[in-house]
Each structure stands twice: as C-alpha cells, then as structure tokens.
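Chemist: If you scroll down you'll find the structure; I have some questions about it.
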Amino acid sequence: MAIRNMLDRLQGPRAMPITLEGGADLPMDTGHPMRVGLWVLGLGFGGFLLWAALAPLDQGVPTSGQVVVTGNRKTVQNLAPGMVDAILIKDGDEVKEGDVLLRLDPTQARSQYEVARAQWLVAKAIEARLLADVQGRSEIAFPEDLLKDKDDPRAASAMAIQTQLLRSRRAALQAELGAMENMLAGLQSSATGLEATRRAKEQQSKLLLEELKGLREMAAEGYLPRNRLSEQERLLAQLGGAISEDLGNLGRTQRSIGEIRMRMLARQQDYHKEVENGLAEVQKEVSALDSRLKGLAFELANTEVRAPKEGVIVGLKVHTIGGVLASGTPLMEVVPKNEPLRIDVMIPTTLIDKVKPGLPVDIIFPAFNQKVTPNIPGELGQVAADATNDPQGRMPPYYLGQVVVTPDGMKKLTTHEIKPGMPAEVIIKTGERTLLNYIVKPLLDRAKPALTEE
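Listed below in structure tokens is the structure:
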C-alpha cells in the first residue's frame, strides 16, 4: 500500500476522464510522460557513470614557464681594451653574424704595435748577425720573416746596420789579433836569435875550455906566463856569464810568447762568449717581442666588435663616444633568431616524482587568442637534479625543467611570432585515468585513515 501511494505521488494527480458525446468516457493517463522522462534521466545518468568509469582522460602536472631560445642570449664583450670610436647599432636592431656593432679607436693600439714591430725588426737583425758570428760565417743569413719585409725602411736599415756591424767587429778583432801576432812574430824572432847566440857562445866556450887545458899544462911546466893563463880563464868566465844572460833573456822571451798566445786565445774566447751571451739575451728579447706583437695584433684586430650570432640587439650598455672600456666589458646582448624554442618551466617539488624527461606536454600561450590557437605539443627535456630556491623568498622551491616544442608544434605556430620572455602554461602529461577515478580517489584517500583500526 505504501509503495502504491509513492507511485501515486510520483505520477501526480490522476486526470479525470473526458466524457464524449453519447455518454462514453475517454480515459487519460497523465503519468506516462513522467515515466518516460525518468527513464531518459536514468539512462543518461547511467551512461554518464559508464563514461566516467571507462573513458580515459589525460592525467598531468600543471606548471608555468617562460619562453627562451635554445642558445640563450649571447653577451657581447670587447676582447681588447680601448676607447669607443663608433656605436653602429641600437637596441632592437636586427644583426647578422659577423656584423660590426661597435668600433674602438685603433690609434693607441696601432702606435704600440708599430713601436713593438720596429723593436722586433732590430732584434731579429741582431739575432741573425750574432748567429753568423757564432757560426763563423762572413755573411749574415737573415730569416725569411725579416726578408719578406725588406721593402720596409726599418727592416732594410736594421739589416744594413747589422751587416756593417758584423764586418767592423770582425775587422776590429782581426786587427787586434793581428797586432798580437806581430808581437808574437817579433818575440819568436828574438828567441831564435838568442838561441843562436847562446849556441855560438857555448861552442866558443867549449873551444876555449879545450884551449885552457893545454895552457894549464904549459903553465905548469913553466913555458907560459901565469898572467896569460889568468886572462884566458877570465875570458872563459865572462863567456859563461854571457851564456847565462842569454838563457835568461831566452826564457823571458819564451814566457812573453806564451803570454801573448794566451792573450790571443783569451781574446777570442771573450769575443765568442760576448757573442753567445748577446745572442742569448737577444733571443729572449725576440721571444718577448713575439708575444707582445701577438697581443698587440690581437688588440688591433679586435678594435671592431662583431655580432656572435644572428639576432636582435638588447640591453645596450654603451652610449658614449670616447668612453674607455676595459677588456671583457659586457657591452650588449644578442637574442639569437631562428633558434629552436625552449620553455623553462617550474615544476612543484610536491609533483617531481610524477615527471621524467621524455614525457609529452601541452603548451598554451596566454598571449594568443585561445579560440584560434590550439594547444601546442611539446616534450619535456632535461629536469634539474636539485630544487631551486627563490633568493627573494617570494615563491616556493621548484625544479627547473626544459620543454621543447616538437616539429608538429612549430608548424602550428607558423602564423604566430614567439618571442623570448613570453609566458606559457604547460601541462606535463603523466598518464591517463577516468573521471570517476578523479572524483572517487580523493574520497577514498580521505576515508582510508578514518577506517584504519588502531
């Protein structure tokens, strides 16, 4: 009876039958449309539950990011110090790789280079002359890197001076050695004369000694006066003294000859030592000048600051002609063009376990009209190994991820201009699940602790 009453209430008030002509009643069932409606509603709800339980929906991690170019901004720096001579660009200018952006005044660099170059030419000429001197050559073999500049008056002058200097130094040495050789020849002649005189006197002494033997026998027998014998003995003694004096003179002459020979040898050794020491010093100087010339040539070659990549100038920091720049000063930045797009996204630390490199993503650019701009497909690339903290503490820690737009996504963006710095909303697809799972899982997660017995 209760069920009957419930059905009656659902069906609503019963309609009274309509009386036709002739007294016949036409029955009328007003509950039928309501039953049909209930069936339709029930089928719709059941279909919705079936769809919610079976139809897969994308599961993902939402995050936000910013567009950057793969190559990042290129900072332009001057490699050499100098004074600004010309600024050829301004912020927003498009440049090609190798375009001159800024010129430094080359006057000081060129002046220093020319001074060092002149010193180098002289040092190389001196080095060639000393090498010829060490090797005993009468002519200088100048190096090729000096001969190729023979039309340079400085190089020609340096080579001529060193050629003349080699000859004059050689002539001075030969003159000095020649004078010593003349002295040596005179002493050798004196020594020869003294030796001949000594030998003659020794021969004379021998003859006189033989003669004295006979005279002594005659004096002993009384046939010769004693004064005659004494005179001959005195003569023999004088002759012996003369021989001793000649021996002394000969010894002194021989010592003088040895001293002169030692002086000649020492002079030659001093000369060669002086040349060798000079060669070592000038080679050090040449090496130092080589390094200095390379540095100055580098500075001179880099008085023009060129664009490292094709792109757009931003952040120009130099505006004063005549301003002095130290080497390595950041002058401006170039945002590369035609580089693959990359989006740096901030992944919440609470969701990092759900993402990994290689996952597909959907990218939305809020700057574009969403009615005509579809979601852009991309792929998650590198994910930072550690969380990044905001130094100002205005946002929670996050993991930095890099999202790249796929080739298909680039095709969809052909009618849009993507610029570095644009914001982007990114959904990192981590899998699929049903709508029913979305709805029921939070309830089950909350109910599980409540149903756990202690």
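Heads up, the sequence shown is in the UniProt record's numbering, so the first residue is 1 and it goes up one at a time. Built from N, CA and C at the ideal position, the CB exists for glycine as well.
What does the Cβ neighbour count give for residue 305, buried or exposed, with the cut at 16 atoms within 10 Å?
Modeler: As a first step, residue 305 is located in the sequence shown; it is residue number 305 there, counting from the start. Label assigned to residue 305: buried.
Chemist: Give me the Cα-Cα distance between residue 237 and residue 188, rounded to the nearest whole angstrom.
Modeler: Reading the sequence shown from its first residue, position 237 is the one you call residue 237. Reading the sequence shown from its first residue, position 188 is the one you call residue 188. Their backbone Cα atoms lie some 29 Å apart in a straight line.
Chemist: Alpha helix (DSSP H) containing residue 116: first to last residue?
Modeler: On the sequence shown, position 116 is the one that residue 116 refers to. Where residue 116 is concerned, the enclosing alpha helix (DSSP H) stretches over 107-135.
Chemist: From residue 285 to residue 380, what distance separates their C-alpha atoms?
Modeler: The residue you call residue 285 lines up with position 285 of the sequence shown. The residue you call residue 380 lines up with position 380 of the sequence shown. Rounded to whole angstroms, residue 285 to residue 380 spans 59 Å at the Cα level.
Chemist: Could you pull the DSSP bridge partners for residue 362 from this structure?
Modeler: Taking the sequence shown and counting its residues from 1, the one referred to as residue 362 is at position 362. DSSP lists 377 and 427 as partners of residue 362.
Chemist: So, for residue 257: in the same chain, excluding its five sequence neighbours on each side, which residues have a beta-carbon less than 7 Å away from its beta-carbon?
Modeler: Here residue 257 corresponds to residue number 257 of the sequence shown, with the count starting at 1. Closer than 7 Å at the Cβ level, and outside the excluded window around residue 257, lie 184, 187, 188 and 191.
Chemist: So what's residue 385 in DSSP terms, helix, strand or just coil?
Modeler: Locating residue 385 in the sequence shown gives position 385, counting from the first residue. In the structure shown, residue 385 sits in coil (DSSP, three-state: anything other than H, G, I, E or B).
Chemist: Taking the alpha-carbon positions, what's the residue 292 to residue 133 distance?
Modeler: The residue labelled residue 292 in the question sits at position 292 within the sequence shown. The residue labelled residue 133 in the question sits at position 133 within the sequence shown. Cα to Cα, residue 292 sits roughly 27 Å from residue 133.
Chemist: With distances taken from CA atoms, which of 102, 399 and 173 is nearest residue 263?
Modeler: Position 263 of the sequence shown holds residue 263. For residue 263, the nearest C-alpha among the options comes from 173.
Chemist: Would you call residue 321 buried or exposed, if buried means 16 or more other Cβ atoms sit within 10 Å of its Cβ?
Modeler: Locating residue 321 in the sequence shown gives position 321, where the first residue counts as 1. Residue 321 comes out exposed.
Chemist: If you reduce the DSSP assignment to three classes, tell me which class residue 104 lands in.
Modeler: Translated into positions along the sequence shown, residue 104 becomes position 104. Strand, per DSSP.
Chemist: Pick from 169, 367, 144 and 383: whose alpha carbon is nearest that of residue 358?
Modeler: One-based indexing of the sequence shown puts residue 358 at position 358. Per the Cα distances, 383.
Chemist: How is the beta strand (DSSP E) around residue 410 delimited, first residue to last?
Modeler: Reading the sequence shown from its first residue, position 410 is the one you call residue 410. Careful: residue 410 lies outside any beta strand (DSSP E), inside the alpha helix (DSSP H) at 407-412.
Chemist: Per DSSP, which residues does residue 94 bridge with? Please list them.
Modeler: If you number the sequence shown from 1, residue 94 lands on position 94. Partner(s): 312.
Chemist: Thinking C-alpha only, which one of 309, 126 and 130 is nearest residue 276?
Modeler: Locating residue 276 in the sequence shown gives position 276, counting from the first residue. Considering only alpha carbons, the answer is 130.
Chemist: Taking residue 65 and residue 405 to be in contact with their CB atoms under 8 Å, please state how far apart those CB atoms are, rounded to whole angstroms.
Modeler: Working through the sequence shown from its first residue, we reach residue 65 at position 65. Working through the sequence shown from its first residue, we reach residue 405 at position 405. Actually they do not touch by this definition, with Cβ atoms about 12 Å apart.
Chemist: Which residues bound the beta strand (DSSP E) around residue 304?
Modeler: Counting from one through the sequence shown, the residue named residue 304 turns up at place 304. Unbroken beta strand (DSSP E) run through residue 304: 304-306.
Chemist: Is the distance from the Cβ of residue 397 to the Cβ of residue 349 below 8 Å?
Modeler: Mapped onto the sequence shown, residue 397 falls at position 397. Mapped onto the sequence shown, residue 349 falls at position 349. Yes, Cβ-Cβ distance for residue 397 and residue 349 is below 8 Å.
Chemist: Thinking C-beta only, is residue 243 closer than 8 Å to residue 201?
Modeler: As a first step, residue 201 is located in the sequence shown; it is residue number 201 there, counting from the start. As a first step, residue 243 is located in the sequence shown; it is residue number 243 there, counting from the start. In contact: residue 201 and residue 243 (Cβ atoms closer than 8 Å).
Chemist: Using only the alpha-carbon positions, how far apart do residue 248 and residue 179 sit?
Modeler: As a working note, residue 248 is residue 248 in the sequence shown. As a working note, residue 179 is residue 179 in the sequence shown. Going from the Cα of residue 248 to the Cα of residue 179 covers about 25 Å.
Chemist: What first and last residue would you give for the beta strand (DSSP E) that runs through residue 85?
Modeler: For the purposes of this step, residue 85 is identified with residue 85 of the sequence shown, where counting begins at 1. Unbroken beta strand (DSSP E) run through residue 85: 82-87.
Chemist: So who's on the other strand from residue 62, going by DSSP bridges?
Modeler: One-based indexing of the sequence shown puts residue 62 at position 62. Residue 62 is bridged to 427.
Chemist: Once you ignore the five residues that flank residue 316 on each side, which residues in its own chain have a CB closer than 6 Å to its CB?
Modeler: Here residue 316 refers to the residue found at position 316 of the sequence shown. So the list reads 91 and 332, once near-sequence residues are dropped.
Chemist: Do residue 194 and residue 483 have their beta-carbon atoms positioned less than 8 Å apart in this structure?
Modeler: Nothing can be reported for residue 483: it is not among the residues displayed for the chain, which extend from 1 to 454.
Chemist: Report all residues from its chain with a CB closer than 6 Å to the CB of residue 89; omit the five preceding and five following residues, and keep chain order.
Modeler: Taking the first residue of the sequence shown as position 1, residue 89 is located at position 89. 101 and 313.
Chemist: Rounded to whole angstroms, what is the Cα-Cα separation between residue 361 and residue 290?
Modeler: In the sequence shown, residue 361 corresponds to position 361, counting from 1. In the sequence shown, residue 290 corresponds to position 290, counting from 1. Cα-Cα distance, rounded: 58 Å.
Chemist: For residue 429 and residue 354, what's the separation of their Cα atoms in angstroms?
Modeler: Position 429 of the sequence shown, counted from the start, is the residue given in the question as residue 429. Position 354 of the sequence shown, counted from the start, is the residue given in the question as residue 354. If I take the Cα positions, the gap works out to 9 Å.
Chemist: Helix, strand or coil for residue 333, going by three-state DSSP, please let me know.
Modeler: On the sequence shown, position 333 is the one that residue 333 refers to. Residue state, collapsed to three classes: strand.
Chemist: Enumerate in chain order the residues of its own chain whose CB-to-CB distance from residue 182 is below 7 Å, with the five nearest sequence positions on each side excluded.
Modeler: Position 182 of the sequence shown, counted from the start, is the residue given in the question as residue 182. Hits under 7 Å: none found.
Chemist: How is residue 73 classed by DSSP in three states: helix, strand or coil?
Modeler: Taking the first residue of the sequence shown as position 1, residue 73 is located at position 73. DSSP places residue 73 in coil when its eight states are reduced to three.
Chemist: My assumption, with CB atoms under 8 Å, is that residue 422 sits in contact with residue 365. Please give the rounded CB distance.
Modeler: Within the sequence shown, residue 422 is the residue found at index 422, counting from 1. Within the sequence shown, residue 365 is the residue found at index 365, counting from 1. About 6 Å; that satisfies the 8 Å criterion.
Chemist: Give the DSSP-derived three-state secondary structure of residue 44 in the structure shown.
Modeler: Walking along the sequence shown from the start, residue 44 turns up at place 44. Looking at residue 44 - three-state DSSP - the assignment turns out to be helix.
Chemist: Tell me, to the nearest whole angstrom, how far the beta carbon of residue 347 is from that of residue 424; I am working on the premise that it is less than 8 Å.
Modeler: If you number the sequence shown from 1, residue 347 lands on position 347. If you number the sequence shown from 1, residue 424 lands on position 424. The pair is not a contact, with the Cβ atoms about 14 Å apart (cut-off 8 Å).
Chemist: Looking only at its chain, what residues have a beta carbon closer than 6 Å to the beta carbon of residue 171, apart from the 5 residues adjacent to it on each side?
Modeler: Locating residue 171 in the sequence shown gives position 171, where the first residue counts as 1. Around residue 171: no qualifying Cβ.
Chemist: Residue 302 and residue 158: beta carbons closer than 8 Å?
Modeler: The residue given as residue 302 occupies position 302 in the sequence shown. The residue given as residue 158 occupies position 158 in the sequence shown. Result no, Cβ atoms of residue 302 and residue 158 do not sit closer than 8 Å.
Chemist: Work out the CA separation of residue 82 and residue 327 for me, nearest whole Å.
Modeler: Along the sequence shown, read from residue 1 onward, the residue named residue 327 stands at position 327. Along the sequence shown, read from residue 1 onward, the residue named residue 82 stands at position 82. Whole-angstrom Cα-Cα distance: 8 Å.
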